[in-house]
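**Student:** One structure, as structure tokens, below. Some questions next.
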Amino acid sequence: MSSPDQETNFQEVADSLSEQVQSISGSTIDMSEIKEKAGAAIDGAREQAEAAVEKVREEVGVASEKINAGSEVAGKKVENFAAGLRSRVPDTFKAKLNHLVRMLSTLSGHDKLLMLIQYSLKLIIPHLHRPQRIIMLLLNSAPTLVKVDAPTPLAVRLRKLSDLTSDYRIFLRLLDFPSAVQWVLADDHTPLTFIQSIANLCYYPLEHTAFLASHNILPISPRTQSKLWLYACRFWAAYVILDLYRLFQQRKTAATEEEERGWKREVMVNAGYAPLTVHWSLEGGLRGLGDEGVGLFGTVAAVGQLAKAWRAVA
4 MSSPDQETNF QEVADSLSEQ VQSISGSTID MSEIKEKAGA AIDGAREQAE
54 AAVEKVREEV GVASEKINAG SEVAGKKVEN FAAGLRSRVP DTFKAKLNHL
104 VRMLSTLSGH DKLLMLIQYS LKLIIPHLHR PQRIIMLLLN SAPTLVKVDA
154 PTPLAVRLRK LSDLTSDYRI FLRLLDFPSA VQWVLADDHT PLTFIQSIAN
204 LCYYPLEHTA FLASHNILPI SPRTQSKLWL YACRFWAAYV ILDLYRLFQQ
254 RKTAATEEEE RGWKREVMVN AGYAPLTVHW SLEGGLRGLG DEGVGLFGTV
304 AAVGQLAKAW RAVA
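Written as structure tokens, this is what we have:
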């Protein structure tokens, strides 16, 4: 049988346990509330984020519409400008430009325009040297205390351009040897044209070898290079002289006006070439011809060749 003190202790323990159970139960209720509040906060944040994203999408859509509208306006302005520009350009100019583009798209037309540039520069360069010579004479006639370098004259720069154009044209001719062989093997030769084809066939390898040697690609002495150039030009001269003979024989058979114009263009070309081929076939060249004469006759031949190339793509 328990004493009153023991009963009191048991009652105190029971009360303590009851308080702890109530405390734990209350804590459980508080955690549930926290979870509910946290879930509500997360849902609210999600809704705000979705609203912000939707707003950004709307703003991007508006900006895209404005950009598209601006692009359409700019596109119409460009189209109107292009149409106005085209309407101001005469049809004859467009036709000539298209013709020029067609001509320059061919290797022959490309070469003939460069030929005109090359020889026309040779024609004008001597005239540019004369004022420079006068200035240098005046400068050298009086004593000076300070030595200054003379500026590079325009003539020197144009000469470099002319030489570069010449090298480029010769370089392109490195590919012409197969066509020279093809011409020799053609079936429609007359005795005259067959001899011309042989002269043409001999010309190309001599020129190619001399050209490559002049640029230190082939180990050939300068003296041998000079001989190669001479013999190449002699074969070229033979071709030109034979072609002039052919043309004067052919004039008797020129029936139409177009054939007559074509004959005149051929004569013009060979009349320009003939003095050049003779000049370059002689050691020292023709006396008194000089660069100005070379430029003159070369320009005559170039104009004739350019006219032929223009007619060829008509």
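Here the sequence shown stands for residues 4 to 317, where the numbers follow our numbering. Even for Gly, the Cβ is constructed at its ideal location relative to N, Cα and C. Keep in mind that this is a model prediction, so the values were computed, not measured.
1. Excluding sequence positions up to five away, which residues of its chain have a Cβ less than 7 Å from the Cβ of Ala-310?
2. Give me the residue from Arg-226, Leu-247 and Ala-158 with the minimum Cα distance to Gln-199.
3. I need the DSSP call for Glu-286, collapsed to helix, strand or coil.
4. Between the alpha carbons of Pro-278 and Lys-125, how many angstroms are there, rounded?
5. Do you know how far the Cα of Lys-97 is from the Cα of Leu-88?
6. Along the alpha helix (DSSP H) that carries Arg-254, what are the first and last residues, could you check?
7. What separation, rounded to the nearest whole angstrom, lies between the Cα atoms of Glu-2 and Lys-69?
8. When you compare each of Val-184, Trp-186, Ser-90 and Pro-129 to Leu-157 by their alpha carbons, which one comes out closest?
9. Measure the alpha-carbon distance for Asn-102 versus Trp-313 and round it to whole angstroms.
10. With DSSP run on the structure shown, which of helix, strand or coil describes Ile-45?
11. In this structure, how does DSSP classify Ser-108 when only helix, strand and coil are distinguished?
12. Using the C-alpha atoms, what's the distance from Arg-91 back to Val-81?
13. Which value, in whole angstroms, describes the spacing of the CA atoms of Tyr-206 and Ala-77?
**Tutor:** Taking the definition as stated:
1. Arg-268
2. Leu-247
3. coil
4. 15 Å
5. 12 Å
6. Note, Arg-254: premise wrong, no alpha helix (DSSP H); not H, not E.
7. For residue 2 there is no data in the structure shown, the boundaries of the chain being 4 and 317.
8. Pro-129
9. One detail in the question is off: residue 102 reads as His in this sequence, not Asn. Computed Cα separation, rounded: 8 Å.
10. helix
11. coil
12. 15 Å
13. 59 Å
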